[in-house]
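Numbering (the numbering used here), first residue to last: 11 to 104.
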């Protein structure tokens, strides 16, 4: 999965069974990552962990007010509709 820093548009571009997703932290920091449509949310969290240095187990990914479930496929949330995701960190005691 490739990734690139992003300061601009929160759009989604589906290319060859991949989706471009903008992930935003509460601090406002953003990164655009590519995820496989058939990949799981847990795999997406692995990419997010590399960029934000936050362990997968400490992440909650939120899209349209819903927490994304680890075992679901990225594409199950709608290939063209998952353009932006908010991530929050859980307390370190979790």
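Beta carbons are placed, not taken as given, at the ideal position from N, Cα and C, and that holds for glycine.
- According to DSSP, residue pairing for residue 77 in a beta bridge involves 72.
- Judged by DSSP secondary structure, residue 45 falls within the beta strand (DSSP E) whose first and last residues are 40-46.
- If you draw a straight line from the Cα of residue 35 to the Cα of residue 88, it is about 22 angstroms long.
- Spatial neighbours of residue 53 in its own chain (CB-CB distance under 6 angstroms, excluding positions within 5 residues in sequence) are not present.
- Cβ contact annotation for residue 79 (same chain, cutoff 8 angstroms, sequence separation greater than five): 51, in chain order.
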